[in-house]
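As numbered in the UniProt record's numbering, the sequence shown has no gaps in its residue numbers, which increase by one up to the final residue, 432.
Quick reminder that beta carbons are idealized off the backbone N, C-alpha and C, glycines included.
Here's the structure, in C-alpha cells; my notes come after.
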Amino acid sequence: MVRPVALLLAATVLCTAAASVAGAEKQSVLVLLDDPALEQSHSTFLKSLSARGYAVTIKPITHKALQLKSWDDWLYDKLVILGSSNELGGAVDVAQVVEFVDAGHDVLLAVDSGVSEELRELSQELGVDVDVRGHAVIDHLGFESQLGGEDHAALLADSVVQSAAVLPGGLQGPVLFRGIALSVPADSETAFLALSGSPTAYSGKPGVAQTDAKLAGGSMGLVALAQLRNNARIAVAGSLDMFSDAAFQAHATSHSGQGLGQVANEAFCAAISKWAFSERGVLRATGLSHRVVSGAEPGAVNPELYRINDEVEFSVHIQECNEGSCRPFKGDDVQVELQMLDPYVRSWLRHDGSGRFSALVKVPDAYGVFKWVVDYRRLGYSYIELTETVPIRPFKHHEYERFILQAYPYYASVASMMAGFMAVGAFFLYTR
C-alpha cells in the first residue's frame, strides 16, 4: 500500500515541477541583422539580452525563410531589427510587423543613414518618421573630436527625456551618436523623444553646405519611443553605431579637446531596451472595489445598484513593476470618474503608501446607467484603463422624507388656503 502512495506522490511532484518549468518559460526575441558582422561588433548588447533571461534567435534580415508567425501563433515575443540598406526577407514585411505590434508585442528598431525605404515605412507605421536616406545628424559645436571627422557627424548628446520610468537614474555622461535624424508628430499621443539633438545640431548631407534645415535643435530626435494604445512598446534609434561594442567602450572628447570620460551608451541602450521590452514602467491595477458608506445600503460592497446621493468609497490597488519586481505605486495624480456619456464626478485617488488608492465619492443627483472609469496615462508608464458599469436609481416612493424643508412655503400656502376657506365659510354662515 505504501508503494502506490509513494508513486502517486512522486508523480504529483513531477507534474508540479513540469508546470513550474512551463510557467517560467523564457520570452523569445528575434534579432534581425542587416550584416552578419553586426553579431560580433554589437556582441555586448546582444549578450545583454540573453543575460536578462530572453531566448535570443539571431538571423540575417534577408533570410529567405524568415517568419514571425506560423498559422495563428506568433513564434516570438519581441523583435529587434538592426537594419540599414537591406529589405526585410522571407514572409516578414511591414504589414506583418505592424500586425505583430497590434497583437501586443514589442519592437526595437535601429537604423542608420543608409536606411532602406521599407524600414523607413515601417518606422512611420510605428509612429516615428525617419529622415531622408543619405542625411545625417551634424553638430559643428557638439561633435566628438576624435571620431567626428571633417563632417562632424559623430556627436555627443545629453538631452534625454525626464522620466523615471525610462531613465530611473538619469544620464551619467553623454551618448555618442552617429546616424540619421528622427521626428515625432507634435500632436502624437503615443510617441515621444527619448534622446534629442542639441540646440546646434541639424540634419543634412555630410560635406554639403546647408542654410536651411527641416530638422534641427531639440525638436530633432535621435532616439524615439512609443507606447501604443494596447500597451505594446516601440523604440526607434537613428543610429546602429550607438549599440556597438566600440561605442560602449568609447571615451568622449569635446570639440575643444576636453576629456569628458566614458560615454553612457551602454547604460542608455540598456535603459531604452528595458523600457521597450516592458521591463520598466509597467503599472498593474487590481482589486477594483466600491462600497456604500452611507445611503440606501450602508456597507454594501460592489452593489449592483446605487441610489442617488449615496456616499461611496471607491478603491483600487496599483503596483509598479520594474525588472521583475513589483512595489506599490505612489503616484499623486490618479483620478476616478463617474460617467454617463460625460463625467458627472471626477475625484483624486489618494494612496496609503501600500498601493491602495481610494476616494470618497458622492453619487450624483441623476439616475441612469453610469460607469466608474480610471484612465491613467503618463509619460513612460503603461496605461491603466479600468471601467465598471453601475446603474443609479432614484428614491423609491417610501424613501422620500415625509416633510421636506424646501417645501415648507408650499405647506404654508395650503394651510393658509384651508384656513381662509373655513374663515370665509364661517363668515357667510354666521353673519346673516
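* **Assigned secondary structure, Asn322 (DSSP; H/G/I helix, E/B strand, else coil)** => strand
* **Short Cβ contact (8 Å threshold) for Pro174 with Ala264** => yes
* Asked: When every heavy atom of the ligand SAH is checked, does at least one fall within less than 7 Å of the C-beta of Lys330?
  -> The ligand SAH is absent from the structure shown, which contains no ligands of any kind.
* **Range covered by the alpha helix (DSSP H) that runs through Phe45** => Ser43 to Ala51
* To do: Please name the residue in Phe403, Gln319 and Leu288 whose C-alpha comes closest to that of Leu386.
  => Leu288
* Report the residue from Lys59, Glu118 and Ala213 whose alpha carbon sits nearest the alpha carbon of Ser85. => Glu118
* Give a yes or no on whether the C-beta atoms belonging to Arg284 and Gln319 are separated by under 8 Å. => yes
* To do: Given a cut-off of 8 Å, decide if Val111 and Val130 are closer than it, judged by their beta-carbon atoms.
  => yes
* Asked: In chain order, what residues of the same chain have a beta carbon less than 7 Å from the beta carbon of Phe268, not counting five sequence neighbours either side?
  -> Leu171 and Val175
* Beta-carbon proximity check, Leu68 vs Leu75, cutoff 8 Å -> yes
* As assigned by DSSP and simplified to three states, the class of Arg291 -> strand
* **Cβ-based burial, Ala24 [other Cβ within 10 Å; buried from 16]** => Confidence in Ala24 is poor, its pLDDT being 47 and thus under 50, which makes the residue's placement too unreliable to answer from.
* **His397 (DSSP reduced to helix, strand or coil)** => helix
* Contact between the segment 101–111 and the segment 51–66: three or more CB pairs below 8 Å? -> no
* Per-residue DSSP class, three states only, for Glu125 -> helix
* Residue nearest to Asp187 in terms of C-alpha spacing, selected from Ser219, Gly169, Tyr202 and Lys396 -> Ser219
* **DSSP-derived helix/strand/coil call for Leu429** => helix
* Host beta strand (DSSP E) of Val137 (start-end) -> Ala136 to Asp139
* Would you mind listing the alpha helix (DSSP H) stretches within the segment 214–255 that are 4+ residues and don't spill past its ends, in chain order? => 245–249
* Asked: What is the DSSP secondary structure of Phe268, counted as helix, strand or coil?
  -> helix
* What did DSSP end up calling Phe421 once you bin it into helix, strand or coil? -> helix
* **Assumed close pair Ala201, Ile272 - CB separation to whole angstroms, cut-off 8 Å** => Contact doesn't hold; Cβ gap of about 19 Å is too wide.
* Under 7 Å Cβ to Cβ from Ala232, same chain only, skipping five residues before and after it: list those, please. => Val101, Gly104, His105 and Asp106
* Asked: Can you check whether the CB of Glu313 is closer than 8 Å to the CB of His290?
  -> yes
* Just tell me which of Ala37, Phe357, Leu46 and His42 has its CA closest to the CA of Leu30. => Leu46
* Excluding sequence positions up to five away, which residues of its chain have a Cβ less than 8 Å from the Cβ of Phe143? -> His152, Ala153, Ala154, Leu155, Leu156 and His255
* Asked: Given that a residue counts as buried once 16 or more other Cβ atoms are within 10 Å of its Cβ, and exposed if not, what is Gly169?
  -> exposed
* Buried or exposed (CB count within 10 angstroms, at least 16 for buried), Glu189 -> exposed
* To do: Output yes or no for whether 8 Å exceeds the beta carbon distance between Leu215 and Ser183.
  => yes
* **Rounded straight-line distance, which links the Cα of Ile384 to that of Arg377** => 7 Å
* Asked: How should Arg350 be labelled, buried or exposed, when 16 other C-beta atoms within 10 angstroms of its C-beta is the threshold for buried?
  -> exposed
* Can you give the Cα-Cα distance for Ala235 and Gly90, rounded to whole angstroms? -> 23 Å
* To do: With a threshold of 16 other CB atoms inside 10 Å of the CB of Gly380, please say whether the residue is buried or exposed.
  => buried
* Asked: So, is Val21 buried or exposed, given that buried needs 16 or more other C-beta atoms within 10 angstroms?
  -> Residue confidence for Val21 is low, a pLDDT of 35 falling below 50, so the modelled location carries little weight; the figure read from the coordinates is stated next. It counts as exposed.
* Quick one: any contact between the segment 337–346 and the segment 408–420, if contact means 3 or more CB pairs under 8 Å? -> no
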